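Read through the structure below, which is laid out as structure tokens, and then see the notes.
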Amino acid sequence: MRTEVVCEPGTRTRPNEDFASVGTSACGQGGSLVVLDGVTPPKGGTGCLHSVPWYTARLGGALTELTVSLLDVPLAETLSRALTRTAEYHADTCDLSHPRTPQATVVVARWDAETLEYLVLSDSALLLESPDGTVTAVLDDRLDRVPRHLRVSDDVLDAAARNKEGGFFTAAADPAVAARAVTGTVARSHVSALAALTDGATRWTEKFHEGDWTDLFTYVRKLGPRALIERVRELERADAEERRHLGRGKTHDDATVVYAEL
């Protein structure tokens, strides 16, 4: 197995809210990856004493440990246990019922000699390449399907759609949200390589339309994750006023890519 991880903040003046890790099994026949994209809170507060990086570090650390130590536990249950553990860290000091309590998108993949499991929650992406070069994008597109009239403000979005039936879901404090994730299993022989990306990196495809998911995967495989992020930064700087590519809440976003060849 060969892996490459690049995790770059959107700006040097703010802490990086992303998290990334790669694990390998003791037997050497499997591995796992975890990628989180912390949700930047609005100025109105979160009901929590802790920062988003604090949250992603603890949730990501718990997910990494449980993913490699509990190989017989499905990934949705693993995420549920990690959310419970993380909530216990600050349940006595913070209002975990607040709609903007620290939260994150989640991508997890775990593989052994026979199978590859995956879990995706919210708008980060997992790309799977088969031995014949076919690329399959595993996406949770519920945020994209939220009606435009619910996006007029953070307050409206939070009240009507965030972690609500008919809206979209992120990993926050409720372990039940793990059951809402997109999950699946494929034969290990059907996957030769994979990549997990936060939406700061998927802008290459989703905002700037440099190519489709297959093109993006090929770019990463040939030039590496850092080259992809550097290209995104070039496109962001060229379009800093957001006149041509609307829908970017920030000029530069935290960007993470984990690439693994199996």
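Quick note, the working numbering runs 31 ahead of the 1-based positions in the sequence shown. Backbone N, C-alpha and C fix where the C-beta goes; we use that ideal spot for every residue, glycine too. Just so you know, these numbers come straight off a predicted model, no measurement behind them.
- Distances from the CA of residue 42 to each of 289, 283, 76 were compared; the closest alpha carbon is that of 283.
- Our two residues, residue 178 and residue 167, have alpha carbons roughly 26 Å apart in a direct line.
- Residue 137 places its beta carbon 8 Å or farther from that of residue 289.
- By the Cβ neighbour-count rule, residue 99 is buried, with 16 or more other Cβ atoms within 10 Å of its own.
- The C-alpha of residue 188 lies about 25 Å from the C-alpha of residue 157.
- Pairwise C-beta distances place the segment 98 to 114 out of contact with the segment 33 to 40, as fewer than three of them are shorter than 8 Å.
- Per the coordinates, the alpha-carbon of residue 252 lies some 24 Å from the alpha-carbon of residue 152.
- One thing to note: residue 148 has its Cβ within 8 Å of the Cβ of residue 106.
- For residue 248, the enclosing alpha helix (DSSP H) has its first and last residue at 244 to 254.
- Along the segment 148 to 228, the alpha helix (DSSP H) occurs as fully enclosed runs of 4 or more residues at 185 to 191, listed in sequence order.
- Closest option to residue 122, judged by alpha-carbon separation, among 203, 261, 68, 196: 203.
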